[in-house]
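First the structure, in the form of structure tokens, and then the observations on it.
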Amino acid sequence: MEFMLSEEQRMLQESLTRFLASACPLDRVRKVADAEESMAEDVHRGLAELGIPGILIPEDFGGVGMGFLEAALVSEALGGAVAPVPYTATSVMVPVALMAAGSDHQKQEWLTKIASGKTRVAVGVTEQLGRRESAGINASNGRLSGSAMFVLEGMEADVFLTADSTGALHMVAGDAEGLERTKLKTIDRTRSVIELSLDQTPAEVLPGSVSNREPLLCTIDAGRLMLAADTLGAAQTMLDQAVAYAKERRQFNRPIGSFQAVKHMCAEMAAELEPCRSLVWYAAHSVRSMPEEARLMICHAKAHLSEVGQFVARTSTEVHGGMGFTDLLGLHYWFKRIGFNRQVLGGPELIREEAARVQGLVS
Amino acid sequence: MEFMLSEEQRMLQESLTRFLASACPLDRVRKVADAEESMAEDVHRGLAELGIPGILIPEDFGGVGMGFLEAALVSEALGGAVAPVPYTATSVMVPVALMAAGSDHQKQEWLTKIASGKTRVAVGVTEQLGRRESAGINASNGRLSGSAMFVLEGMEADVFLTADSTGALHMVAGDAEGLERTKLKTIDRTRSVIELSLDQTPAEVLPGSVSNREPLLCTIDAGRLMLAADTLGAAQTMLDQAVAYAKERRQFNRPIGSFQAVKHMCAEMAAELEPCRSLVWYAAHSVRSMPEEARLMICHAKAHLSEVGQFVARTSTEVHGGMGFTDLLGLHYWFKRIGFNRQVLGGPELIREEAARVQGLVS
Amino acid sequence: MDLAYSVEHEAYRDEVRSFLAKNKNKSPGLGFRDGTAANDWQQLLIEHGYAARTIPKEYGGAGLEADILKSHILAEEFAHAKVRPGHSGDNRIVPVLLELGTEEQKERFIRPTVRGEMSWCQGYSEPGSGSDLASLQTKAHVDGDDFVINGQKIWTSGAKTAHMMFCLVRTEPDAPKHQGISYLLIPMGTPGMEVRPLRQMTGDSQFNEVFFTDCRVPTTEIVGNRGEGWYVANATLKHERGGLGDPNQAAGRFNDILDLMKNETVDGRRLMDIPSYRDRAMALQARIFAMKFNGMRVLSHNIKNEEPGLSRWIVKLQGCELNHQTASLAIDVMGELGILYDGSPHIRDQGMWQHRYMMDLGLIIGGGTAQIQKNIIGERALGLPKEPKFDKPI
Amino acid sequence: MDLAYSVEHEAYRDEVRSFLAKNKNKSPGLGFRDGTAANDWQQLLIEHGYAARTIPKEYGGAGLEADILKSHILAEEFAHAKVRPGHSGDNRIVPVLLELGTEEQKERFIRPTVRGEMSWCQGYSEPGSGSDLASLQTKAHVDGDDFVINGQKIWTSGAKTAHMMFCLVRTEPDAPKHQGISYLLIPMGTPGMEVRPLRQMTGDSQFNEVFFTDCRVPTTEIVGNRGEGWYVANATLKHERGGLGDPNQAAGRFNDILDLMKNETVDGRRLMDIPSYRDRAMALQARIFAMKFNGMRVLSHNIKNEEPGLSRWIVKLQGCELNHQTASLAIDVMGELGILYDGSPHIRDQGMWQHRYMMDLGLIIGGGTAQIQKNIIGERALGLPKEPKFDKPI
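Chains as they are written, first to last, in our numbering: chain C, 2 to 364; chain E, 2 to 364; chain F, 4 to 397; chain Y, 4 to 397.
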């Protein structure tokens, strides 16, 4: 019985945190945001050198073959640094989909490319979770037509993974005929999202996903877990910043952290956030160790982190007073990243409903 | 434009508050509670002398012919004093039902008796709101059979008003054949609730309620409004007590009210509760002045006061520390009265659903 | 309790309505007040007594008796017609000048301000002095006939476009902190003044920092006496705070959400038909109604010149919170569509909900944080004892 | 991360299970510990090393090495089998006596306490000293060989049935407040002591007031030296607080709610099928799981003798809150049935949800209110500065 990180996991955390602190300080984030770039290429390259794109990919395919807990720790670190790099889609969701439903040939081809960090694959599955407007993709004769909204990491992608209306998964080359990307701008400038339009575009189905929704669902689970972990990291940074500010900032001849109102805001953030860490760890650990529990735990992690993340984002901003509202400290990058994570791949109310279904509680 | 109480309404408030302070102090409440009596006869008599049982009943029938705002002010005062007397059912719901659906003869007979304070009528309509277990009453050939749960003011009643399975309303004499009362004990010992069992019991239908649910719904509206006002009064007393205690109680060489944590708890209670007063007033005023808005406003008043009442009940108890948890200050009488009001005639979730239906928001 | 209006006030409402029907086309739109068209419109309103109602005629106002209900009717009717309302100059500085300005100051400043030709910004907050405003450090010493100002202000909204600043500076460094402050009037663009915009989380720059380096202003440009600035300023703070948390605004926004929930779908299902969203909407609606009626109660007290007590003290805290929650609900029901911003394809309502979500949080913080509001409610409305203060750093 | 148990611990679990299967029938039920049957059961558990595990044999314990995981397994298995668990005497007083008692005190008190023959109550809080415990006023002066005690204690649970009280009294009235306190052991029923039950909101009387009027106890009945009582007591407070907010308890209670929602109906509809109730239940379940896993994390750190940090500090605050919310949800879904009490007809689960709703609020208040817990989290876990203190009344 040891519910804590291993030495190796802590080392992974530390090396990532160290790398991000030096390669991806707030100034680097600002540059991407101000230029409306889709990502920070240099940071992504550095992460590739650390093996991050292949975190989940077996060594046979050039990856480092780690587990979901490690993948979640990476996501947490990226959220903590509001790092503008592709990860959730290309490094987690796509490898999960390929491993669950890809042919041997597909695995060999794509996993190897992804692990190297040189090929980036975006994911568009929103329509299978909650279709807005009239988006949706239909497959016929190996070609796809229609549109997918909120395709994650879409601007910088070379390839797309998307689901058709039956839930079958397809790989589509970024330069395939009939494919168009429309950039969607969100509050969070550290992530890229597009609308993908396809018109008789050739695609390659993942055979294991035909007439079997499980690969799609596993892919979504993996994505949700990463977003929950990202919020955990982002919220932790916001809490840390609030505590530091409360110690330093003085009003009425006292550090504001000595006022009960401010102190209790910090304490409430800590009390809400700290158990979330264990929830994310457990959910991540369960994916392979207790697969029968995993989907429920991931639903809870995603929905609960959305709520706690929102609370921390707001409260930390309030502790900072007017300073939290300006761009000076850049606090809003974390605020908005948490806001993004809340809605993408399902908002909390919809996911709680799913948590009930997963347990068989809905008649 | 004058959204405030009239001089007469303030006088009504003051005279009631004065009467209750002298006739119904906490010690009087304790006596009823400790002896498990159904009501304080003397307090009820005193209220009858002030005309309270006939508050809504037209002067032609011996009442004082006031409006729903006045009736709500009475309820607020009773809640403020946790007065163990029948009111919501006998003085408000039953007159409303009779005026809406009674024959001239029934009005003459019952309204006069009720206005005098000598006849008390209990109300059992819970099954029309949300049936628990297999309760319910069926009518056939002028006789009723079945059971009604949570019949309000049932122990001390001489007569019962109840709804059958079609929503038609019936008056049943308390000593009619086949009628049995079973006392239900709740957390709130200042109110009496019973289960009413009928077996081929003769009853008198209110003719206007046959094939017309509106009289039943107006009766429920009136009852909910009174419970909301009762919670308003009870919560205001709990807030006042918390503020007084925070000024008086000292810890660490300071009055505890000078600590931000305690001060902010009091401020939050005040900020939540104060707008509730306007909501209850508006809802009460709307019953006759803007009947098209009344049902929605009453739903909101009942549901919202249930939430705010619960928050104030808990927070005031916390401000009192251990003292709030004991019987010494009797704070729990208000706490429990608020808890009772929350559940009776519909809990907040169910009533919010109704608020949406009333506005035509549910497809 | 009478929600009807008197015959006189109903007649007034009719009069306003017919004025609007006739003149609506002259209104220059609802944007930021600037340019001749806006000033002409303001002038027309003043002539009809629909703007600057209670400002004396000698200073360019309409010179009418105060009538809160008429002001309320004006606001309602202009809002309803979606026509730019008139103003009384600037409700932070004009009342101060009327009460405490010299005759010369009144003549120079009130008329152009009321006519919309002169605009103001407020130089109060400093980086080190937020909720503890009286600890401000911007200094002014007398040199000849001038005050010479050095220091920095922050959160100065409108500094880029204003003509004048009313400003608090420390002129008596040895006096106790509340008694060492003076209230000065400074033309923007005076040498030694530098304005730097502060970008905020929404992406806009409503606020600025203003730096003073040996900035000179004549000693006559003071309101009240030296060392009395704190007391002069307090009159204006009161006016500023009144504006936040308007319950009618929250009610209007809530109706927009209902429309959204009736029209948008997820998986083809109306958002209104998703019970957990609907439940949240109904809980919010109850709170918004309660604050709306609370506002009517405050108004009724104001009309009678009675102190509304607690009902007034809670308006900002609760009003800003409700606005924030309204925006939060709108974003949540829209899901992924709710995070679109910056004119993105598929954006709803021009992204206003995200903008409001952040702006409302800014308002919760600005003009007295929620924590300060709770102190005020606790101390002034409930009479709880003040937190002991410390004269020396701890 | 490894949620499996070692071979040794799995074997231990099997051993405990087979012991329970064999001896379950000897257990005297789960009620309050009293009577010979309970003491015999405790004795049997000690003999098997299932109670008083780490108490030395010479004082009646099992004399085993500490093993947090074995203790955890014991607690789990006894709870699972619904069998009365063993105890280590009293986790407030026994560790204090072991650490700071005289040999004579250890011999007189530990064995009977561990065997269940001697029970204790705690005399700390006073009417004027709640969260500011060190301001306590109950006095003891020396007269001959005795301390003579005068004053009043409150919140003394179990005072009606206990044999002994451990008590804080002020013996050095001129010393600074933390340094004037002594820790005394007083037999209940000593002349000059009067116990009055305090009725609480649930209707029970778990707590008492204890009045001292010239109550005499030999000067040898002190633990530690005169004036050191505050420091002696702090060791025990730590032990007491550990027990509140057990996350496994919350998880167990939550499962009861799921059963309730699956089985109860309103208008013939399962409560679970009412979406707003279900949504609340799911939100609560997530929080309960999070605290359960947080508990596993604390346990893992304790096993390794590492400081668990923040994850430990939040247990009481969050755990009590979750229990309260769980009870609140249960009451709400039951609606009118949820307010039944006192053995009423139609009552569900013997009214335990209402009882818990109130008791949990009592626990939020007791043993350090939520406000004090937040101070502790802010100051000890996050390192925020303390509130300045005042030595003189304000």
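Quick reminder that beta carbons are idealized off the backbone N, C-alpha and C, glycines included.
| Asked | Found |
| --- | --- |
| Taking C-beta to C-beta, are L387/Y and S104/C nearer than 9 Å? | no |
| Between which two residues does the beta strand (DSSP E) holding H171/C run? | 170–174 |
| For V309/E versus T187/E, is the C-beta distance shorter than 9 Å? | no |
| Using a cut-off of 7 Å between C-beta atoms, extract the partners of H265/E located in chain C. | A262 |
| Report the rounded CA-to-CA distance for G52/Y versus G322/C, giving the unit in angstroms. | 57 Å |
| Output, in sequence order along the chain, the residues in the segment 274–301 of chain F whose CB is closer than 7 Å to any CB in chain Y. | P278, S279, D282 |
| For E106/F, is the classification buried or exposed, using 16 other Cβ atoms within 10 angstroms of its Cβ as the cut-off for buried? | exposed |
| Closest by CA to M67/E, which one among G52/E, E77/E, V124/E? | G52/E |
| Counting only beta-carbon separations shorter than 9 Å, does Y62/F have a partner in chain E? | no |
| Show which residues of chain F have a CB atom less than 9 Å away from the CB atom of Q344/C. | I334, D335, M337, G338, E339, L340, G341, I342 |
| Of all the CB atoms in chain C, is at least one closer than 9 Å to the CB of L263/Y? | no |
| Are any of the Cβ atoms in chain Y nearer than 9 Å to that of P88/F? | no |
| Which residue's Cα is closest to the Cα of I3/Y: N297/Y, P348/Y, L72/Y? | Look at the range of chain Y in this structure, 4 to 397, and you will see that residue 3/Y is not part of it. |
| Distance cutoff 9 Å, beta carbons only. Does L362/E sit that close to anything in chain F? | yes |
| Closest Cβ-Cβ distance between S76/C and chain Y: below 9 Å? | no |
| Can you give me the C-alpha to C-alpha distance between N258/F and F326/C, rounded to a whole angstrom? | 27 Å |
| In three-state DSSP terms, what is S366/C? | Since the first and last residues shown for chain C are 2 and 364, residue 366/C lies out of range. |
| In the DSSP assignment, the alpha helix (DSSP H) including P190/F goes from what residue to what residue? | No alpha helix (DSSP H) contains P190/F, which is instead part of the beta strand (DSSP E) from 184–190. |
| Per DSSP, what kind of secondary structure is W356/Y in: helix, strand or coil? | helix |
| So, is G227/Y buried or exposed, given that buried needs 16 or more other C-beta atoms within 10 angstroms? | buried |
| Cβ of Q108/Y less than 9 Å from any chain C Cβ? | no |
| Mind checking if A349/E is an interface residue toward chain F, Cβ cutoff 9 Å exclusive? | Sequence check: residue 349/E is Pro here, not Ala. Yes, its Cβ sits closer than 9 Å to a Cβ of chain F. |
| Under 7 Å between beta-carbons, which chain F residues line up against Q252/C? List them in chain order, please. | G133, S134, D135 |
| If we count the other Cβ atoms within 10 Å of its Cβ and call it buried at 16 or more, is P54/C buried or exposed? | buried |
| Listing by chain order, which chain E residues have their CB less than 7 Å from the CB of A384/F? | A271 |
| What's the call for M12/C, buried or exposed, on a 16-neighbour Cβ count within 10 Å? | exposed |
| So what's R192/E in DSSP terms, helix, strand or just coil? | coil |
| Thinking just about the alpha-carbon of each residue, which of G234/E, G224/E, R46/E is nearest to the one in Y334/E? | G234/E |
| Determine whether the beta carbon atoms of S134/Y and T372/Y lie at a separation below 9 Å. | yes |
| Determine, for D378/F, whether the minimum Cβ-Cβ distance to residues of chain E falls below 9 Å. | Note on identity: in this sequence residue 378/F is Asn, with Asp being the wrong assignment. Closer than 9 Å: yes. |
| Pull up the distance between the alpha-carbon of K32/E and that of T191/E, whole angstroms please. | 10 Å |
| Taking only beta-carbon atoms, is M234/Y less than 9 Å away from chain C? | The sequence shown places Tyr at residue 234/Y, rather than the Met named in the question. Y234/Y does not count as touching chain C. |
| Which residue from R255/E, L332/E, E154/E puts its Cα closest to that of H45/E? | E154/E |
| Taking DSSP as the reference, what is the three-state secondary structure of Q360/E? | coil |
| Suppose you measure from the CA of I299/C to the CA of L297/E; what does that come to, to the nearest Å? | 39 Å |
| Got a sec: is the Cβ-Cβ distance from Y186/F to anything in chain E below 9 Å? | no |
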